[in-house]
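Following: one structure in structure tokens, then a few remarks.
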Amino acid sequence: MKGAFQIPVRVYYQDTDAGGVVFHAQYFAFMERARTELLIAAGFDLARIADTKRLLFLVHGLNARYHQPARLNDLLSVSAEVVKMGRVSIVFRHRVERAGELLVEADVTLALVDRDRMRPARMPQELEQALK
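This is the structure we're talking about:
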């Protein structure tokens, strides 16, 4: 899947903190939605993969940079793009923007693990091909 996949996200009251801006950790929930939608668009359902292939994607690392805050009722664009694939991991690059202005950017590394043993597992070839 070439290029960044984008979804719109509206900021709700539940997303904000006492200062009236999006709580810093909430951006990761927005990013997870974008990753999930990217995988669905590529033909993969995480629940089905967990049940049929006994595989889970677990967050292994995060590197985020905050530039500007988002506020209540803002309409954001959240993107997900695969920037690196290993045998047992995927790195996604995320951008959260408001009207073209970069608010947050992050690289999120997901490790692929065997659901039963919780040990690293190889990426299914069909998933690797779909995400290239």
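Residue 82 in this note's numbering sits at position 82 of the sequence shown, with consecutive numbering throughout. Beta carbons are placed, not taken as given, at the ideal position from N, Cα and C, and that holds for glycine.
Judged by DSSP secondary structure, Arg-93 falls within the beta strand (DSSP E) whose first and last residues are 89-98.
For Ile-7, the enclosing beta strand (DSSP E) has its first and last residue at 5-10. Around the Cβ of Arg-35, a 10 Å sphere holds 16 or more other Cβ atoms; the residue is buried. Within the model, the alpha-carbon separation for Ala-42 versus Ala-130 is close to 6 Å. Per DSSP, the continuous beta strand (DSSP E) segment holding Tyr-66 begins and ends at 55-66. For Asp-114, the secondary structure class from DSSP, reduced to helix, strand or coil, is strand. In the structure shown, Arg-71 adopts extended strand secondary structure according to DSSP, grouped into three states.
Put simply, of Ala-70, Leu-58, Met-123, Val-83 the residue whose alpha carbon is nearest the alpha carbon of Val-104 is Ala-70. Contact between Ala-4 and Ala-99 is absent: CB atoms are separated by about 17 Å, not below the 8 Å threshold.
For Met-31, the secondary structure class from DSSP, reduced to helix, strand or coil, is helix.
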